[in-house]
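A quick write-up on the structure given underneath.
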Amino acid sequence: MKVLFDPAPPYLRCCVFRNGSPSLHLVKLQGGWTAAILKQLGTDAALESVGYVLHNGGNQVKDAVSLLSPQALQRVKRCVRLSPEHNSMTLTLAEYGMKQWPGARHLLLSDTAFFTRLSPVVRNYAIPYELTRKGLGRYGAFGLCHEWIWNQTRAQTSGAAKKVISIFLGDHTSLAAIRNGIPKETTTGLTALEGIMSSGGCGDIDPTIIFLLKAAGLSYSAINRILCNESGFAALAGKPCTLSDIVSGAAVPALAEAKRLLRYQIIKQIGAMLSQLGGVDAISFASEKPQDMMPLVLEISAAFAFLGVRCRADTACGSFPQELSEAGSAVRIFTHQYDRWSVLKAAMESFESSNQEKKT
Amino acid sequence: MNKEQNILVFNCGSSSLGCKVFPSGEAVNARPIFSAKAHRVGTKGSEPSFVQYQGPGVSQKIVVPLPDHRVAARHILEQIRKSGVVVNLIGHRFVHGGDIFKTAVLIDPHVMQKLEQCASLAPIHNPVTLSVIRECQETLPGQLQYAAFDTSFHASIPDYAYTYPVPKTIRKRFHFRKYGFHGLSYAYIARTAPAILGLPLDNLSMVVCHLGTGGSSVCAIRNGLSMDNSMGYSPLTGLMMSTRCGDIDPMLSLYLMVTYNVRPGDLLEMLTEKSGLLGIAGFSSDLRDIIQNVGLKEKERAELAFQMYVHRLQKYIGSYIAALGGIDALVFTDDIGVSNWLVRENACQGLNVFGVDLDREANHSASVASASLISSPTSRVKVLAMPTEEEWVVAEEGAKLTRGRVTS
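Heads up: the sequence lines are chains A and B, in that order.
6 is the number of the first residue of the first sequence in the numbering used here; add one for each residue after it.
774 is the number of the first residue of the second sequence in the numbering used here; add one for each residue after it.
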């Protein structure tokens, strides 16, 4: 049995793999949440490995998957301030899990490790350098996903694709420019708030608003809530909604407006990534609901017709992964079915098997 | 306009003060009869500040301490008086008119109050422009003055590009949206570049990079209209600038306030006056200084500052080319844009995918005084380096504004 913990405040998402089959549990973080976990897992001696997702490992955690040790826990501790809500939950869980299941293997899965290879030119903000020395920089986010998209694209092109733009379409969309497996740019920054707007996050905005809100008497936590939870799709639609709602909501003016804005943001970011890669072999879209995203993917791809991107007409349905580009297209376009739990589990297993090989 | 008049135009950059006097009759003559530019105003750098003058019988560089823009304006007004040039009307480039000013306006006490309300919208520019207006009021009492706004040109930016996705109540209360800046410069390029390039204005897509010694931005222009601009609600965002940070994670500000207990006022000052090139290089906010020190061990961060500057510029050019669905022309303008071949050469690397092919020799030898085509003959996108003329656009606005009013 394997278990994965992924913080999603105010919930904890927990996926249990028994004989390879996943079962997902959502635990509300309130009094007695540890009991709720125990109810799911008990002190099961069959527990082989436990994975803990760390959302922001800053410049402390450089491996996508690593074995948790007391030293590693210290590094996690140092990262808590970067994403207090998520990272403190990872720390609490890891400390709890290591005590509760001493016989299991405890692994840390870092969503920023992939981007520790970004060059300083990309990683730094243009702020006083002393702050960079203190560890403030663009750490990126969703690295496990983007690395997976890169690997999938390589597999689909039989290794021919050297320059890839990976795009995760979801309630928190992000992009990465990848050359030969090395990230060259990404849309997220110090936190996942930077970049494309999300279901509740504002994305790139003029930060002057923070000073105006503060001067108007709002507390820091209220400003944080507004920018992270009440902006993005929720602000444009006037109610909480998902990317699927927006993509399928053309008849509703507010949703159509949100879609126009989102599409524009993505197109601009693809342009920025193209300038960094000096061209691209493949653009790969991944989503948990790729069929729902197809209209958006085709509209975005059509915006690059001026570069010779051509998509097939018969893309209405099909299995995934799927190539959308025509044979003569200057850039190959792919869509992928993304399942976060499977990707996380595969990352754990890959680490375990390579460690096993090292031992033998 | 009833009779000929001379229009004096002041243009406050964040670290410079430009000034030109245009004779104006039926139309504004494009050739000024007097011009001055104060350099390194209020900057921290290794070189001294100075004013370069060009007028009737005058062509000189005066090295003088210029601690602020008001002192620079006083110096310039005194030189104009000495040169014997008569001034009938004074125009000011005003960076941010917010929601209050959509077009140029004559300045009276009521308008002055409204302009003062806009001061905080562009904390580096608006207050210094106000100080120059006050200096003119004091030195030339009773002289008619007006303001022309950078934000006017960007009124055509579509909603999907100007909307910030924060709650509607906040957008409404703070008039929080992208306004865009350097509009007077872009208006000049949009009007004049098509003829220089031999391309029709209709159906012409351009990305224009206004690279100043203080502030810089990039603009997407289609058919002469602004479609997007890298600056936002304030001139803080977008490219990395001399002392401004450009784009940052909005959470970075909150993080510094909460985790490091930085006071909001101090933080805003840090992001506007101690960041950008100065923040990274540490020893200068001037790109010219930084380029000179690239490769020196004791100035090891000069290279990083330069590369970061170019990187962000490339990203904006790429993003606007994509937003426009391809472009016909890429234009570099203002001090750095026209005079710095190295910035242009580096910025164009990697843009071949968009059809940009720079002629390296033409780029090296481009004139700083006139427009130069610097793309190769086979380049799909024409690349141009050309001086901008914000002051002329301001003068034109003034001539329109005072048609029939100014008689002395």
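Where a beta carbon is used, it is the ideal one built from N, C-alpha and C, also for glycine.
None of these values were measured; they are calculated from a predicted model.
Cβ pair count under 8 Å reaching 3, the segment 1099-1112 of chain B against the segment 1156-1163 of chain B
Flag = yes, the segment 1099-1112 of chain B and the segment 1156-1163 of chain B touch.
What does residue 1126/B touch in chain A if you count any residue whose Cβ is under 9 Å from its own?
Counting from one through the second sequence, the residue named residue 1126/B turns up at place 353. By Cβ distance, chain A contributes 279, 280, 282, 283, 284, 285, 312.
Tell me which residues of the segment 1009-1022 of chain B have at least one Cβ-Cβ distance to chain A shorter than 7 Å, keeping chain order.
Sequence-ordered contacts of the segment 1009-1022 of chain B with chain A read 1009, 1010, 1013, 1018, 1019, 1020, 1021, 1022 [C-beta pairs closer than 7 Å].
Classify residue 15/A as helix, strand or coil using the three-state DSSP reduction.
In the first sequence, residue 15/A corresponds to position 10, counting from 1. Note: residue 15/A maps to coil in three-state DSSP.
What is the rounded straight-line gap between the Cα of residue 1122/B and the Cα of residue 283/A?
Translated into positions along the second sequence, residue 1122/B becomes position 349. Translated into positions along the first sequence, residue 283/A becomes position 278. Distance between the alpha carbons of residue 1122/B and residue 283/A is about 8 Å.
Skipping 5 residues on each side, what residues in its chain have a beta carbon closer than 6 Å to that of residue 850/B?
Locating residue 850/B in the second sequence gives position 77, counting from the first residue. Only residues of its own chain outside the window of five on either side were considered, and among them 912 have a CB closer than 6 Å to the CB of residue 850/B, listed in chain order.
Quick one, are the C-beta atoms of residue 19/A and residue 42/A less than 8 Å apart?
Residue mapping note: residue 19/A aligns to position 14 of the first sequence, counting from 1. Residue mapping note: residue 42/A aligns to position 37 of the first sequence, counting from 1. Between residue 19/A and residue 42/A, the CB-CB gap stays under 8 Å.
Take residue 346/A as the anchor and find which of 38/A, 27/A, 13/A has the nearest alpha-carbon.
Along the first sequence, one-based indexing puts residue 346/A at 341. Just measuring C-alpha positions, the residue of 38/A, 27/A, 13/A sitting nearest residue 346/A is 27/A.
Keeping to the same chain, check which residues put their C-beta closer than 7 Å to that of residue 205/A; ignore five residues upstream and five downstream.
As a first step, residue 205/A must be located in the first sequence, where it is residue number 200. Counting only Cβ-Cβ distances below 7 Å, and skipping sequence neighbours, we find 233, 234, 235, 236, 237, 239.
What is the rounded straight-line gap between the Cα of residue 1125/B and the Cα of residue 1003/B?
As a first step, residue 1125/B must be located in the second sequence, where it is residue number 352. As a first step, residue 1003/B must be located in the second sequence, where it is residue number 230. Take the alpha-carbon of residue 1125/B and the one of residue 1003/B: they are about 22 Å apart.
Proximal chain B residues relative to residue 236/A, where beta-carbon distance stays under 7 Å:
To locate residue 236/A, count along the first sequence from 1; it is residue 231. Annotation: Cβ neighbours of residue 236/A in chain B (cutoff 7 Å, chain order): 938, 939, 940.
Local conformation of residue 1033/B per DSSP, three classes:
Taking the first residue of the second sequence as position 1, residue 1033/B is located at position 260. In the structure shown, residue 1033/B sits in coil (DSSP, three-state: anything other than H, G, I, E or B).
When the Cα of residue 67/A is compared with those of 88/A, 197/A, 60/A, 115/A, which residue comes out closest?
By 1-based counting over the first sequence, the position of residue 67/A is 62. Looking at the Cα atoms, 115/A is the closest of the given residues.
Does the Cβ of residue 986/B have 16 or more other Cβ atoms within 10 Å, making it buried, or fewer, making it exposed?
As a first step, residue 986/B must be located in the second sequence, where it is residue number 213. Within 10 angstroms of the beta-carbon of residue 986/B lie 16 or more other beta-carbons, which makes it buried.
On the criterion of 16 or more Cβ atoms from any shown chain inside 10 Å, does residue 984/B qualify as buried, or is it exposed?
Locating residue 984/B in the second sequence gives position 211, counting from the first residue. Looking at its Cβ environment, which holds 16 or more other Cβ atoms inside 10 Å, residue 984/B is buried.
Answer yes if the segment 274-282 of chain A comes into contact with the segment 1091-1098 of chain B, meaning at least three C-beta pairs across the two stretches below 8 Å, and no otherwise.
Yes: the two stretches touch, three or more of their Cβ pairs being nearer than 8 Å.
Hey, out of 927/B, 882/B, 944/B, 968/B, whose CA is closest to residue 954/B's CA?
In the second sequence, counting from the first residue as 1, residue 954/B sits at position 181. Comparing Cα-Cα distances from residue 954/B to each of 927/B, 882/B, 944/B, 968/B, the minimum goes to 927/B.
Along chain A, which residues have their Cβ under 9 Å away from the Cβ of residue 1123/B?
As a working note, residue 1123/B is residue 350 in the second sequence. Chain-order list of chain A residues neighbouring residue 1123/B: 279, 280, 281, 282, 283, 284, by C-beta distance under 9 Å.
Buried or exposed: where does residue 199/A fall if 16 or more other Cβ atoms within 10 Å of its Cβ makes it buried?
Translated into positions along the first sequence, residue 199/A becomes position 194. Per the 10 Å Cβ criterion, buried.
Could you work out which residue in 275/A, 13/A, 293/A is closest to residue 285/A when comparing CA atoms only?
Counting from one through the first sequence, the residue named residue 285/A turns up at place 280. When only C-alpha atoms are compared, the closest one is 275/A.
Chain B partners of residue 210/A, CB-CB under 7 Å?
Along the first sequence, read from residue 1 onward, the residue named residue 210/A stands at position 205. The answer, in chain order, is 937, 939, 1023.
Cα-Cα separation, residue 247/A to residue 303/A:
On the first sequence, residue 247/A is found 242 positions in, with the first residue counted as 1. On the first sequence, residue 303/A is found 298 positions in, with the first residue counted as 1. Between residue 247/A and residue 303/A, the C-alpha separation is close to 19 Å.
Out of curiosity, what's the CA-to-CA distance linking residue 1078/B and residue 117/A?
Numbered from 1 along the second sequence, position 305 holds the residue referred to as residue 1078/B. Numbered from 1 along the first sequence, position 112 holds the residue referred to as residue 117/A. Residue 1078/B and residue 117/A have their C-alpha atoms spaced approximately 24 Å apart.
Can you look up residue 35/A in the DSSP assignment and give me helix, strand or coil?
Walking along the first sequence from the start, residue 35/A turns up at place 30. Correct three-state label for residue 35/A: coil.
Please return the same chain residues whose Cβ sits closer than 7 Å to the Cβ of residue 1030/B, not counting the five positions on each side in sequence.
Sequence index remark: in the second sequence, residue 1030/B carries index 257 (1-based). So the qualifying residues of the chain are 1037, 1040.
Using a cut-off of 7 Å between C-beta atoms, extract the partners of residue 229/A located in chain B.
To locate residue 229/A, count along the first sequence from 1; it is residue 224. Taking a Cβ-Cβ threshold of 7 Å, the residues of chain B close to residue 229/A are 1027, in chain order.
On the CB-based measure, 16 or more other CB atoms within 10 Å of its CB, does residue 888/B come out buried or exposed?
Working through the second sequence from its first residue, we reach residue 888/B at position 115. With a threshold of 16 other beta carbon atoms within 10 Å, residue 888/B meets it and is buried.
To be precise: take each residue of the segment 239-256 of chain A, compare its Cβ to all Cβ atoms of chain B, and keep it if any distance is under 9 Å. Which residues remain?
Answer in chain order: 239, 240, 241, 243.
Nearest-angstrom beta carbon gap, residue 192/A and residue 201/A [assumed within contact, 8 Å]:
The residue labelled residue 201/A in the question sits at position 196 within the first sequence. The residue labelled residue 192/A in the question sits at position 187 within the first sequence. Contact holds; Cβ gap of about 6 Å.
Going along the chain, which residues of its own chain have a beta-carbon closer than 6 Å to the beta-carbon of residue 801/B, five neighbours each way excluded?
For the purposes of this step, residue 801/B is taken as the residue at position 28 of the second sequence. Only 795, 1168, 1169, 1172 meet the Cβ criterion.
Residue 995/B touches chain A at which residues, Cβ-Cβ below 9 Å?
The residue you call residue 995/B lines up with position 222 of the second sequence. Identification of chain A residues near residue 995/B by a Cβ-Cβ cut-off of 9 Å yields none; the smallest Cβ-Cβ distance measures about 13 Å.
Exposure of residue 793/B, with buried meaning 16 or more beta-carbon neighbours within 10 Å:
Indexing the second sequence from 1 puts residue 793/B at position 20. Taking all protein chains in view, the Cβ of residue 793/B is crowded by 16 or more other Cβ atoms within 10 Å, so the residue is classified as buried.
Using 8 Å as the threshold, is the C-beta distance between residue 315/A and residue 1032/B below it?
Position 310 of the first sequence, counted from the first residue, corresponds to residue 315/A. Position 259 of the second sequence, counted from the first residue, corresponds to residue 1032/B. Not a contact, by the Cβ cut-off of 8 Å.
Taking the alpha-carbon positions, what's the residue 165/A to residue 144/A distance?
Translated into the one-based positions of the first sequence, residue 165/A becomes position 160. Translated into the one-based positions of the first sequence, residue 144/A becomes position 139. Their backbone Cα atoms lie some 28 Å apart in a straight line.
For residue 1026/B and residue 1048/B, the rounded distance between their alpha carbons
Taking the second sequence and counting its residues from 1, one reaches residue 1048/B at position 275. Taking the second sequence and counting its residues from 1, one reaches residue 1026/B at position 253. The alpha-carbon atoms of residue 1048/B and residue 1026/B are separated by roughly 13 Å.
CA nearest to the CA of residue 1059/B, picked from 824/B, 815/B, 1139/B, 1117/B:
As a working mapping, residue 1059/B is identified with position 286 in the second sequence. Here the closest residue by C-alpha is 815/B.
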